[in-house]
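Here the structure is laid out as structure tokens; the discussion comes afterwards.
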Amino acid sequence: MIQLEQVSKSFCAGDKEIHAVIEVSLDIKAGEIFGIIGFSGAGKSTLVRCINLLERPTAGKVLIDGIDLMGLPEARLRKERRKIGMIFQHFNLLRSRTVYQNIAFPLRKSKLSKAEKHKKIISLLELVGLTDKMEAYPSQLSGGQKQRVAIARALANDPKVLLCDEATSALDPQTTKSILNLLKKVNNELGITIVIITHEMAVVKDICDRVSIMELGRVVEEGDTAEVFAHPKERLTKDFMDTASNINKIYELLEEKHELTQLKPGEKLVLLTYSGGNAGESVISHLAEKFHVQANIIFGNVDILKGKPIGKLVVILSGDSENLMKGMQYIRGRNVQMEVIRE
Amino acid sequence: MSFLYKIAPNLELLQGELLKCLRQTFQMLLISGIIAFLVGLFFGVLLVVMKKGGLIQNVFLYKFLDKAIDILRSIPFIILMVLLIPVSRAIVGTGSGVTGSYVALVWGTVPFFARQIETVLSDVDHGVIEASEAMGFGPSEIIFSVYLKESIPGITRVTMITFVSLIGITAIAGAIGAGGLGDFAIRYGYQMHYRDMIWVTVAIILLIITILQGLGNIIIRKTTH
């Protein structure tokens, strides 16, 4: 649905050239929810603007549904843009217009009759659950309601793609949840391909099928969300994963020299990461049975990603050194990732 | 009427003249006001859309307009008026009278108004403009349906401010023969020392401003959400 080929975007700031996006290639399939995550300044907002050419890439190709957008003249490009909805962090509603008029706004150029437009707007209001607010002005709405209006407005022209630029970043966690549920619904019921730009791992974890991790203008890692979450390859990806689970608490405890983290000689403090089933727990019981290695769980965390559990356990392993060695080899052989935090 | 003649005795003799001058003032305000509003709006919009990062960015033209406005605004109106007499002759055929004042009045108002429109339109959130572009709207639709529509309260406010200053310069224009209330006040109030006529002119001008201000406030209240 969306193909970016070696897309780069640089800006001139004074006499310095800033490379916001560097040779990014993405292939986003029809009907999927694709996440692009990165810290601020990673270039993800610029990248999403390259998809509808709000920012024209300095190099590369942008194909939407097979159409090369960069080759189109202005008027055609505007027509194509109507098939790409977009929502923003700060909602960007028209203050002087009511909810109804805001949703009607993108329909100004549509060929639908007046009655058809009205029907369309009413059905969109129903979809986002704001039928009772249609005569309200944006200033009378909460942040979550404003984003719902923005979503309805973005869907007015029946787009094939919906771009979300930090759409939940200005919202509290509960409202974020409800907006994400709405996006899931949009994706499920209307089959719209969704691209989500965010710096919150929780958002990606909750709804993205696939994810790209961006840093300094480049995509450093990409893949199936559950896969990336379970087996992050890059340091940055790990950092993001940690923000979404409480497992990084262990580093705080280590810093504080908390008594839980005090090791006796020969003990090892390890982080086990496993996906699917109860692999982690069974490994721990086998360690005791077969290798006489005691695994003392300090804490653990299980996330459900797209129905698949991703478990993380911080444990202290103790036993005589030979058994410990064998036990650790056994762990590695069981599709459980092990990271020795301290020994 | 007799009550008015009691507090302003000279009114009885001069009311015909006063009405004529009032009509001239209205004529100047209306015609130069409408022209200045449209021209000022045009340049104000131009400033915003040609600015760096604007809809039809043109840094060279922007800088030219920007400087031109600064220079034009710094010329005192009474000097500008004399300076523009030949231009007025070329455009409207005369450099004096009510007709001869239009060019100077418009010229004196536009830079001030355009600058204020620029400020008002710049207040429209860039994100809203970006969202409209993402919806597939072109520059002209965005100018009319977003920039101008979203700014109606602000445009009304600066129009009121500009209007008061326009009343001020129509009075000055009276000094070089454009007629109007300014001319009336100078001839009878200043040269002939009819104090009551000064008060009458002041009262009329205050009335005009109050009515317009009231109207402006209603528009602002109705369009601010």
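For the record, the sequence lines run as chains A and B.
Going by the numbering used here, the first residue of the first sequence is number 1, and it counts up by one from there.
Going by the numbering used here, the first residue of the second sequence is number 1001, and it counts up by one from there.
Built from N, CA and C at the ideal position, the CB exists for glycine as well.
Count the CB pairs spanning the segment 1126 to 1134 of chain B and the segment 85 to 99 of chain A that are closer than 8 Å, and state whether there are at least three. yes
Per-residue burial, residue 1013/B [other beta carbons within 10 Å of its own, 16 or more giving buried]: exposed
Just to make sure I have the definition right: I need the residues of chain A whose C-beta is within less than 7 Å of the C-beta of residue 1152/B. Which are they? Contacts between residue 1152/B and chain A, judged by CB atoms closer than 7 Å, involve 96 in chain order.
Can the beta-carbon of residue 175/A be found less than 8 Å from the beta-carbon of residue 137/A? Against a cut-off of 8 Å, the Cβ pair of residue 137/A and residue 175/A comes out as no contact.
Exposed or buried, which one is residue 30/A when buried takes at least 16 other CB atoms within 10 Å? exposed
Report all residues from its chain with a CB closer than 8 Å to the CB of residue 1145/B; omit the five preceding and five following residues, and keep chain order. 1132, 1137
Pair within 8 Å by beta-carbon distance, residue 1155/B and residue 1040/B: Contact annotation: residue 1155/B and residue 1040/B have beta-carbon atoms that are not nearer than 8 Å.
Are the C-beta of residue 29/A and some C-beta of chain B separated by less than 8 Å? no
Using CA coordinates, which residue listed in 115/A, 304/A, 251/A, 301/A is at the minimum distance from residue 341/A? 251/A
Residues of the segment 67 to 98 of chain A whose Cβ lies closer than 9 Å to any Cβ of chain B, in chain order: 74, 75, 77, 78, 79, 80, 81, 82, 83, 84, 85, 86, 87, 88, 89, 90, 91, 92, 93, 94, 95, 96, 97, 98
Considering only their Cβ atoms, is the gap separating residue 92/A from residue 1048/B smaller than 8 Å? no
Just to make sure I have the definition right: I need the residues of chain B whose C-beta is within less than 7 Å of the C-beta of residue 106/A. Which are they? 1135
Please classify residue 146/A as buried or exposed, where buried requires at least 16 neighbouring CB atoms within 10 angstroms. buried
Amino acids of chain A, ordered along the chain, whose beta-carbon sits closer than 7 Å to that of residue 1223/B: 96
Using a cut-off of 9 Å between C-beta atoms, extract the partners of residue 110/A located in chain B. Within 9 Å Cβ-Cβ: nothing; residue 110/A doesn't reach chain B, min ~10 Å.
What does DSSP give as the partner residues of residue 8/A in its beta bridges? 59/A
What does a CB cutoff of less than 7 Å around residue 256/A pick up in its chain, not counting 5 residues either side in sequence? none
At 8 Å on the CB atoms, spell out the chain A contacts of residue 1146/B, in chain order. 94
Backbone CA spacing between residue 38/A and residue 78/A [nearest angstrom]: 29 Å
Distance between residue 1022/B and residue 1016/B (C-alpha atoms, nearest Å): Between residue 1016/B and residue 1022/B, the C-alpha separation is close to 10 Å.
Chain B partners of residue 52/A, CB-CB under 7 Å? 1134
Is the beta carbon of residue 201/A less than 8 Å from the beta carbon of residue 243/A? yes
Option in 1178/B, 1211/B, 1182/B with minimal Cα separation from residue 1094/B: 1178/B
Using a C-beta to C-beta distance shorter than 7 Å, which residues of chain B count as neighbours of residue 139/A? 1225
Looking at residue 35/A and residue 198/A, is the spacing between their C-beta atoms short of 8 Å? Yes, Cβ-Cβ distance for residue 198/A and residue 35/A is below 8 Å.
Alpha carbon to alpha carbon, how far is residue 295/A from residue 254/A? 18 Å
When burial is assigned at 16 or more other CB atoms within 10 Å of the CB, is residue 269/A buried or exposed? buried
State the DSSP-derived secondary structure class of residue 162/A, mapped to helix, strand or coil. Correct three-state label for residue 162/A: strand.
State the DSSP-derived secondary structure class of residue 25/A, mapped to helix, strand or coil. strand
Can you list, in chain order, the residues of its chain with a C-beta nearer than 8 Å to that of residue 1175/B? Leave out the 5 residues immediately preceding and following it. 1078, 1182, 1183, 1186
Does residue 1123/B get closer than 8 Å to chain A when you measure Cβ to Cβ? no
By the DSSP assignment, the alpha helix (DSSP H) with residue 1143/B in it spans what residues? Taken as a continuous stretch (DSSP letters only), residue 1143/B belongs to no alpha helix (DSSP H), as it is neither H nor E.
Cβ distance (whole Å) where residue 106/A is taken to contact residue 156/A below 8 Å: 5 Å
Alpha helix (DSSP H) segment containing residue 275/A, residue limits: Not the alpha helix (DSSP H): residue 275/A falls in the beta strand (DSSP E), residues 268 to 275.
Excluding the five sequence neighbours on either side, which residues of its own chain have a C-beta within less than 8 Å of the C-beta of residue 297/A, listed in chain order? 284, 313, 314, 315
Tell me the rounded alpha-carbon separation between residue 1147/B and residue 1225/B. 16 Å
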